[in-house]
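J.: Have a look at this one before I ask anything.
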Amino acid sequence: MRPLLTLLVALPLAAQVRYEDIAAGPGKNWLTYFGDYGGRRHSPLSQITPENIQYLAPKWTYHIDGSRKLEATPLVLDGVMYMTASNEVHALDARTGRRIWLYRDEQAKALKVNRGVALLGDRVFFVTGDAYLVALDRRTGGLLWSKPFADPKLGYGATLAPLALRDRVIVGVSGGDGGVRGYLDAYSAATGERLWRFYTVPGKGEPGSESWSDFPVEWAGGATWMTGTYDPDLNLLYWATGNPWPDLWGKPRRGENLYTCSVVALHPDTGKLEWHFQFTPHDTHDWDAQSIPVLVDLEYQGRPRKLLLHPNRNGFFYLLDRTNGQYLRATPFVDKLDWAKGIDDQGRPILVPGKEPTPAGTRACPSLRGASNWMSPSYNPATGLFYVPSLEQCDLYVTSEKIPAAGKGIMGGGGEPLSREPGQFFLRALDPKTGKRVWEVPMTGPGTMWSGTVSTAGSLVFYGDDDGQLVAVDARHGRQLWHYYMGQMLTASPMTFQVDGKQYVTIAAATDVFTFGLVEGR
Amino acid sequence: MISLIFRRTLLCVLSVLCGGIGLAADAGQALFATACAACHGTTGEGGRGPNIADGRLVRRLTDDEMFRSIQKGVPGTEMAAFPFPDDQIRQLVAYIRSLSAPAFETSVPGDPEAGAALFYGKAGCTECHAIAGRGGLLGPDLSNIGLQRPVRRLREALLDPSARLTDGFRPVTVTTTDRRRISGVARNYTNYSLQLLDAQGRLHLLRQTEWLAVELGRDSPMPADYARRLTGAEIDNLIAFLSRQAAARRN
Numbered sequence: 081m082r083p084l085l086t087l088l089v090a091l092p093l094a095a096q097v098r099y100e101d102i103a104a105g106p107g108k109n110w111l112t113y114f115g116d117y118g119g120r121r122h123s124p125l126s127q128i129t130p131e132n133i134q135y136l137a138p139k140w141t142y143h144i145d146g147s148r149k150l151e152a153t154p155l156v157l158d159g160v161m162y163m164t165a166s167n168e169v170h171a172l173d174a175r176t177g178r179r180i181w182l183y184r185d186e187q188a189k190a191l192k193v194n195r196g197v198a199l200l201g202d203r204v205f206f207v208t209g210d211a212y213l214v215a216l217d218r219r220t221g222g223l224l225w226s227k228p229f230a231d232p233k234l235g236y237g238a239t240l241a242p243l244a245l246r247d248r249v250i251v252g253v254s255g256g257d258g259g260v261r262g263y264l265d266a267y268s269a270a271t272g273e274r275l276w277r278f279y280t281v282p283g284k285g286e287p288g289s290e291s292w293s294d295f296p297v298e299w300a301g302g303a304t305w306m307t308g309t310y311d312p313d314l315n316l317l318y319w320a321t322g323n324p325w326p327d328l329w330g331k332p333r334r335g336e337n338l339y340t341c342s343v344v345a346l347h348p349d350t351g352k353l354e355w356h357f358q359f360t361p362h363d364t365h366d367w368d369a370q371s372i373p374v375l376v377d378l379e380y381q382g383r384p385r386k387l388l389l390h391p392n393r394n395g396f397f398y399l400l401d402r403t404n405g406q407y408l409r410a411t412p413f414v415d416k417l418d419w420a421k422g423i424d425d426q427g428r429p430i431l432v433p434g435k436e437p438t439p440a441g442t443r444a445c446p447s448l449r450g451a452s453n454w455m456s457p458s459y460n461p462a463t464g465l466f467y468v469p470s471l472e473q474c475d476l477y478v479t480s481e482k483i484p485a486a487g488k489g490i491m492g493g494g495g496e497p498l499s500r501e502p503g504q505f506f507l508r509a510l511d512p513k514t515g516k517r518v519w520e521v522p523m524t525g526p527g528t529m530w531s532g533t534v535s536t537a538g539s540l541v542f543y544g545d546d547d548g549q550l551v552a553v554d555a556r557h558g559r560q561l562w563h564y565y566m567g568q569m570l571t572a573s574p575m576t577f578q579v580d581g582k583q584y585v586t587i588a589a590a591t592d593v594f595t596f597g598l599v600e601g602r
Numbered sequence: 458m459i460s461l462i463f464r465r466t467l468l469c470v471l472s473v474l475c476g477g478i479g480l481a482a483d484a485g486q487a488l489f490a491t492a493c494a495a496c497h498g499t500t501g502e503g504g505r506g507p508n509i510a511d512g513r514l515v516r517r518l519t520d521d522e523m524f525r526s527i528q529k530g531v532p533g534t535e536m537a538a539f540p541f542p543d544d545q546i547r548q549l550v551a552y553i554r555s556l557s558a559p560a561f562e563t564s565v566p567g568d569p570e571a572g573a574a575l576f577y578g579k580a581g582c583t584e585c586h587a588i589a590g591r592g593g594l595l596g597p598d599l600s601n602i603g604l605q606r607p608v609r610r611l612r613e614a615l616l617d618p619s620a621r622l623t624d625g626f627r628p629v630t631v632t633t634t635d636r637r638r639i640s641g642v643a644r645n646y647t648n649y650s651l652q653l654l655d656a657q658g659r660l661h662l663l664r665q666t667e668w669l670a671v672e673l674g675r676d677s678p679m680p681a682d683y684a685r686r687l688t689g690a691e692i693d694n695l696i697a698f699l700s701r702q703a704a705a706r707r708n
């Protein structure tokens, strides 16, 4: 083919998303899944306040045909919102909710939930259910390239919002409940070429492999299904890893099962492991560590520290030094916690005997869903509080006592809710300096939501509750200020942005995106 | 490319069904005209019943599911049961499949390499259309068009571009309240807002209060004279090239 470059239209560049813009954190735009690289989900926007929130009203609703469980946090750049559903990206006018373009991958061979896009340069990146990383032109939704990064035939899939930093896009895999070997990949944002791969389960003979007896590494788990966080100064990537497999049958995989149920700190240039910390060694309760590793700088025990906060599915709220992975402290953030008496000086759980799953079922707490999960917490530097959706629930843990067929999504048992003990969600404000709960808001509902939080400089915390409502509370003391019922289960976290000088709040419900703003004149 | 054509031919030769499917589809066409066209339109593009020629709806059904929908009807809809003999239903299924078969999966005449030279050359397609990020922004992206359209729709779009305008690509000029005139395509337009993409790739997101007038064009901005400007062979070559554009395909 003869390239005839002279015929190409010369395009003046529209505003590009630079790495520095993402690193600067959210302002009027919201450029990465958590708003910032540190996972804090705190916006400096302050137009909506406890004083005027009574005038917060719906502005538009955008329905996504065929969706059942939207899990994405939309990104916003210069008045354009980028939202995903399964194998789809929708670009919307953020003021009106009207669609600008839709990219739909009809070739995708798996319908899975999707948590959103990454933006870099003039490109939009997202993953399909069958684990293709797709690059689109953000102006038109035109397809630039589409590259497979995992094999669905082996049980892999993908659901996460990619993380874009500098010149690369980081993606992880789903499928750890079905016997796959987790990994994290980096791809060139320009070409889609793979730059590195990090396996969360070490190969035979590699450091950490001694923690696995002889279990087949290709089934071992440690999926990487949630977006990680990044510290630009330390140039370290923090990624949480999933459960070992079979989830509820631990006998064939004797040992700690590194690096499952852990956070790993990697060099984004090379994918090299800098340090790791395992929250739940040899997990048998499906307690993925997929709560968000939130990066906060605080004075702790008399000196400034670069910290990593982690409200783990196992019920403990961990504090680590993120420069080296040193364990600092763990405190329970739920009352229903009986599998461990506490966490020792090395950060290891002090186990309570008799909490392992059995064929007849063992009652243990927290539940399989976890004390918290992938629903986003947020951190407000002004209040110094960390806002965590927390679930008080125990389960009956059942094991199959055998290794199921791999790659089919079979966990080797399960957690069953106890009929006389329904779960209950709370929004809890934790103090990272002490690990203590400062206040809480109990929720009503069935205990089945997956919604998180966003914090604002207007001294507000917005969160989706367990009853289909977007709720705003005062960030200082949790006083309930405002709510709106969307009539749908909530499975995504809210975010906030500004267009033409006006602040908006958006949340995806099960089948629709809702956007709120102050009534004109307020 | 020769090897590709050879492979397709070989596949056909190897497959006993190959000729059979073609024949079944031909036979199905006549039956479709009498039994189905009243609701689904003579070309299957819909009317009282849904469009079954443009892919999505039909592609999701297996042959067996489509067979059952015809034989037993679709409960809760106006689709009645058509209890024809089994072989006739199979002919209908084959015909309906052929209506929506994407160009990429269809054997087409023409030389894709010569088509590429036209696409990037004298046909001027990249003034408005992009493939893999190379080209203009005001026409639909064609990176994946071979999987999105059957051959007859590619041909129609080339020869009669205004026959149907793709959603989001109507030409538009807006006069704003501050007296600017902006032209481009209306990616979306309602009484209350306009989302306009201009040729420089800038989005103009306007509300009703921000414009004085919106002029929407009726015709596609695509040249309507390709039938004159290109030879029949050249059009075949262009269609062959477009039918190969399938960047989202799975291996």
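Residue numbers (my numbering), protein chains in the order written: chain A, 81 to 602; chain B, 458 to 708. C-beta atoms are modelled at their ideal positions from N, C-alpha and C, and glycine is treated no differently. This structure is a prediction, so every number in the text was calculated from the model and none was measured.
Using a threshold of 9 Å, state whether the C-beta atoms of D592/A and H170/A are closer than that.
T.: Not a contact, by the Cβ cut-off of 9 Å.
J.: Taking Cβ positions, are W305/A and G252/A nearer each other than 9 Å?
T.: Against a cut-off of 9 Å, the Cβ pair of G252/A and W305/A comes out as a contact.
J.: Which word fits W319/A, buried or exposed, when buried means at least 16 other C-beta atoms lie within 10 angstroms of its C-beta?
T.: W319/A comes out buried.
J.: What residue from T666/B, L622/B, R627/B and V629/B has the CA that sits closest to D635/B's CA?
T.: Looking at the Cα atoms, T666/B is the closest of the given residues.
J.: Can you give the Cα-Cα distance for R516/B and A190/A, rounded to whole angstroms?
T.: Each residue's alpha carbon lies about 15 Å from the other.
J.: For the segment 218-244 of chain A, which residues have a CB atom closer than 8 Å to at least one CB atom of chain B, in sequence order?
T.: Residues passing the 8 Å Cβ filter: R219, T220, G221, G222, L223, L224, W225, S226 and P228.
J.: Which full runs of the beta strand (DSSP E) of 3+ residues lie inside the segment 293-342 of chain A, going along the chain?
T.: Here the runs fully enclosed are 309-311 and 316-320.
J.: Would I490/A pass as a contact of P484/A if the rule is Cβ separation under 9 Å?
T.: A contact, by the Cβ cut-off of 9 Å.
J.: Go to Y99/A, then tell me how far its alpha helix (DSSP H) extends in each direction, as first and last residue.
T.: Y99 to A103 is the extent of the alpha helix (DSSP H) around Y99/A.
J.: Going by the beta-carbon positions, is the gap between L656/B and T632/B smaller than 9 Å?
T.: The sequence as given places Ala at residue 656/B; Leu does not occur at that position. Cβ atoms of A656/B and T632/B: not closer than 9 Å.
J.: Can you tell me where the beta strand (DSSP E) with N460/A in it begins and where it stops?
T.: That run of the beta strand (DSSP E) goes S458 to N460.
J.: Are the CB atoms of T647/B and R178/A within a distance shorter than 9 Å?
T.: For R178/A and T647/B, yes; Cβs fall inside 9 Å.
J.: Restricting to Cα atoms, I'd like to know which of W110/A, P326/A and V197/A is closest to K482/A.
T.: The option with the nearest alpha carbon to K482/A is P326/A.
J.: With a cut-off of 9 Å, does the C-beta of L611/B fall near any C-beta of chain A?
T.: Not closer than 9 Å to any Cβ of chain A, the Cβ of L611/B fails to qualify, so no.
J.: Mind reading off the beta-carbon distance from G578/B to H586/B? Whole number of angstroms is fine, and I expect it under 8 Å.
T.: With 8 Å as the limit, G578/B and H586/B do not qualify as a contact, their Cβ atoms being about 13 Å apart.
J.: Count the CB pairs spanning the segment 374-382 of chain A and the segment 287-294 of chain A that are closer than 8 Å, and state whether there are at least three.
T.: Because the criterion of three Cβ pairs below 8 Å is not met, the segment 374-382 of chain A and the segment 287-294 of chain A do not touch.
J.: Once you ignore the five residues that flank P502/A on each side, which residues in its own chain have a CB closer than 7 Å to its CB?
T.: For P502/A, where only same-chain residues beyond five positions count, the Cβ hits under 7 Å are G527.
J.: Should S342/A be labelled buried (16 or more other beta-carbon atoms within 10 Å of its own) or exposed?
T.: Counting Cβ neighbours within 10 Å, S342/A comes out buried, since at least 16 surround it.
J.: For A269/A, which residues in the same chain have their Cβ closer than 7 Å to its Cβ, ignoring the five residues on either side in sequence?
T.: Only L200, G201, R203, A244, D247, R248 and V249 meet the Cβ criterion.
J.: Pull up the DSSP beta-bridge partners for Y649/B, would you.
T.: Beta-bridge pairing links Y649/B to no other residue.
J.: Taking 9 Å as the CB-CB limit, is T647/B close to chain A?
T.: T647/B counts as touching chain A.
J.: Any idea if R195/A is buried or exposed, counting beta-carbon neighbours within 10 angstroms, 16 or more meaning buried?
T.: Flag for R195/A reads buried.
J.: Near F698/B, what residues of its chain come up, given a Cβ to Cβ distance below 6 Å and the 5 sequence neighbours on each side ignored?
T.: Closer than 6 Å at Cβ, skipping near neighbours: P569, G572, A573 and F576.
J.: Going by other Cβ atoms of all chains shown within 10 Å of its Cβ, with 16 needed for buried, is R402/A buried or exposed?
T.: By the 10 Å Cβ count, R402/A comes out buried.
J.: Assuming M679/B and P607/B form a contact by the criterion Cβ under 8 Å, report the distance between their Cβ atoms to the nearest whole angstrom.
T.: Their Cβ separation, rounded to whole angstroms, is 19 Å, which puts M679/B and P607/B out of contact at 8 Å.
J.: In whole angstroms, what is the alpha-carbon distance linking D554/A and G146/A?
T.: Their backbone Cα atoms lie some 36 Å apart in a straight line.
J.: Does the Cβ of T519/B lie closer than 8 Å to at least one heavy atom of the ligand FAD?
T.: The ligand content of the structure shown is nil, which means the ligand FAD is not present either.
J.: Is there a Cβ from chain A that is less than 9 Å from the Cβ of G658/B?
T.: At least one chain A Cβ lies under 9 Å of G658/B.
J.: Figure out for me which residue from N315/A, Q187/A and Q504/A has the closest Cα to the Cα of V414/A.
T.: Per the Cα distances, Q504/A.
J.: If I measure Cβ to Cβ from N315/A and keep anything under 8 Å in the same chain, skipping five residues before and after, which residues do I get?
T.: Only H347, P348 and D349 meet the Cβ criterion.
J.: Closest by CA to L622/B, which one among A643/B, A538/B, N708/B and L663/B?
T.: It is A643/B whose Cα lies nearest to the Cα of L622/B.
J.: Checking contacts by CB at 9 Å: is K516/A closer than that to chain B?
T.: Judged by the 9 Å Cβ criterion, K516/A is not in contact with chain B.
J.: Strictly below 7 Å CB to CB, what residues from chain A border Q652/B?
T.: Residues of chain A passing the Cβ test: D173, R178 and I180.
J.: Could you tell me whether the Cβ of V160/A comes closer than 9 Å to any Cβ of chain B?
T.: By this cut-off, V160/A is an interface position.
J.: I need the straight-line Cα distance from T164/A to D425/A, nearest angstrom please.
T.: Computed Cα separation, rounded: 43 Å.
J.: When the Cα of R659/B is compared with those of A95/A, L570/A and W519/A, which residue comes out closest?
T.: The option with the nearest alpha carbon to R659/B is A95/A.
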